[in-house]
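Heads up, the sequence shown stops at 478 in my numbering, and the numbers go up one at a time, no gaps.
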Amino acid sequence: MFRIGTAVACVCLFLLQTSTQAYEDRPPLVEQYLHSGQLQAGEHALQAVLRQSPKDDEARFGLGLLQIVRGVERLGQSFFDHGLKNTNNWVPFVRLPVPVNPDPAPISYARFRRILDDFCKDMTLADGTLAGITDDNVKLRIRLADIKIDIDGDGQATDRFLDILTKLMGSPPDLLKTNPEFRVHFDRGDVAWFRAYCHLLSGMLELYLAIDTEAEFHFFAKEIFPRVRPVLSEAEEKVLKDKQMMRSGGIRISDPKRLSQFRYHLVEVCKLNRETWRYIRAETDDDYEWLPNSRQKGVFGMPVREEMINSWLSMMDELEAILEGKKLLPVDMIMHNTDGKGLNLKTLLEDPPGKIDFDMVMRDGPAAKYLEKGPSMDLNAIFSVMRVFDNPLRMGYFAWFN
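Shown next as structure tokens:
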């Protein structure tokens with residue numbers, strides 16, 4: 077759907093955007109902890125509020141937001157510990173800018189996977205918190221310019237999300253010119269939007285962790301981490317080079333259960349997209365909107381038309397139908413020996429082979445158990461989205477809509 081690096085950048089983006097109107101109401105409790113960078117203390121404080129007032133959905137919304145920020149902080153601290161270099165690399169989830177560590181710890185393939193798995197667990201935790209919100213009128217009125225995190229783990233929260241965002245984007249957001257405080261009023265539709273992004277990131281992580289990428293890790297890690305372990309001999313490196321996907325001509329599935337989780341998360345993204353727009357389309361106010369309907373103004377200044385929403389949701393419907401096995405991928409157009417059948421993606425993800433050999437699949441077609449007769453996905457749903465969002469900001473819209 078999107079590049080993973082873009083998705084990570086978007087997590088930082090949604091924590092920083094707002095409108096320029098006056099901030100009249102009291103700030104929520106979570107704001108003081110986000111501004112001070114005392115995230116663990118804030119988590120405990122908000123959990124205490126919810127124990128006393130289980131129906132306080134403003135506190136629950138704040139807790140979910142704070143847990144997302146903590147997840148990003150912990151990801152950054154882990155990368156700092158291992159001396160992640162600030163290079164323009166293509167590696168998924170490894171574009172988070174961190175300070176230079178003069179004495180980094182060694183990193184291994186297993187450790188790298190644990191770091192990503194921990195981030196996945198943090199997103200799952202935040203989603204679980206946000207899923208408990210039941211108040212359709214919930215609001216989280218918050219100023220985000222002064223959010224701080226402790227990305228180097230020294231106990232001092234001096235790293236601003238604004239600076240991280242600027243480094244990811246290459247320049248400060250244009251909104252800073254008119255709204256330096258970054259005010260925003262998140263509402264019920266945004267609850268579903270946050271949850272969808274938690275699932276999107278989790279799904280991407282599960283997909284990566286399902287695949288054996290030890291060979292790829294060894295060679296890309298040497299470019300972005302100063303101390304990769306173990307140090308291999310020439311003979312050992314040759315063996316790993318031959319195992320790389322591009323050389324071996326296939327993908328090795330090391331943890332098939334994660335492919336099932338990948339499918340689950342993407343199904344949730346589809347469902348939560350519908351929930352997001354159901355609430356947002358029903359709004360009649362124009363109150364510091366993060367994601368607006370066609371009658372509202374959004375904080376990005378990017379107009380949202382009904383045609384955009386309709387085409388986006390149609391694409392989500394098609395994606396969900398494919399993921400649930402209700403529609404099939406029309407692989408007969410590019411593969412031989414399919415007998416006009418389509419690929420059941422649900423069956424493939426729930427019961428994957430140990431290895432997918434590209435040459436064999438292209439020559440002989442997928443295994444028979446993955447092929448079926450039935451309705452194929454409507455490719456026009458994809459083409460329609462590309463047509464409706466045909467403008468220079470297309471990728472920005474895609475990341476924004478999620």
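Glycine included, each C-beta is placed from N, C-alpha and C at the ideal position.
If I measure Cβ to Cβ from residue i and keep anything under 6 Å in the same chain, skipping five residues before and after, which residues do I get?
i	result
Arg328	Asp288, Lys431
Arg489	Missing from the structure shown is residue 489; the chain here goes from 77 to 478 and no further.
Ala291	Leu316, Lys319, Gln320
Asp263	Lys215
Leu395	Cys346
Pro428	Ile329, Pro332, Leu335
Less than 8 Å between C-beta atoms, sequence neighbours within five positions excluded: which residues of the same chain meet that for residue i?
i	result
Thr414	Val407, Asp408, Gly441, Pro442, Leu447
Leu192	Phe169, Leu281, Tyr284, Leu285
Phe301	His158, Gly159, Leu160, Lys161, Pro180, Ile183
Gln128	none
Thr200	Cys274, Ser278
Arg305	Pro182, Ile183, Ser184
Look at the alpha carbon of residue i and the alpha carbon of residue j, and state the distance between them as a whole number of angstroms.
i	j	result
Asp363	Glu134	16 Å
Gly147	Glu400	30 Å
Gly472	Glu310	44 Å
Thr234	Ile225	6 Å
His111	Ser452	50 Å
Arg339	Cys346	11 Å
Phe270	Met391	19 Å
Ala98	Ile144	In this predicted model, Ala98 has a pLDDT of only 40, less than 50, meaning its place in the structure is not dependable; the value taken from the coordinates is given anyway. One C-alpha to the other measures close to 26 Å.
Pro173	Gly265	30 Å
Arg463	Leu405	21 Å
Ile385	Leu348	14 Å
Gln114	Thr210	27 Å
Compare the C-alpha of residue i against each of the options and name the closest.
i	options	result
Thr360	Asn213, Arg323, Trp388	Asn213
Lys402	Lys422, Met411, Lys417, Ile385	Lys422
Ile227	Ile218, Arg217, Ile240, Arg219	Ile240
Gly152	Phe195, Met378, Asn386	Phe195
Ala186	Phe293, Thr352, Lys197, Met411	Phe293
Arg236	Glu149, Phe296, Arg354	Glu149
Phe156	Thr352, Val176, Phe137	Val176
Phe137	Gly204, Gln116, Arg189	Gly204
Can you pull the DSSP bridge partners for residue i?
i	result
Phe262	Leu216
Asp235	Ile225
Ile144	In DSSP, Ile144 forms no bridge with anything.
Glu282	Beta-bridge pairing links Glu282 to no other residue.
Arg328	Lys431
Leu405	Leu419
Taking only heavy atoms of the ligand NAP into account, decide whether any of them is closer than 8 Å to the Cβ of residue i.
i	result
Phe270	This structure does not include the ligand NAP; it has no bound ligands of any sort.
If I measure Cβ to Cβ from residue i and keep anything under 7 Å in the same chain, skipping five residues before and after, which residues do I get?
i	result
Phe477	Trp388
Asp454	Glu394
For the alpha helix (DSSP H) containing residue i, list its first residue and its last residue.
i	result
His294	290-300
Ser112	105-112
Gln116	115-128
Asn413	Premise fails: Asn413 is in no alpha helix (DSSP H) and is neither H nor E.
Ile191	185-207
Ala443	Per DSSP, Ala443 belongs to no alpha helix (DSSP H) and is neither H nor E.
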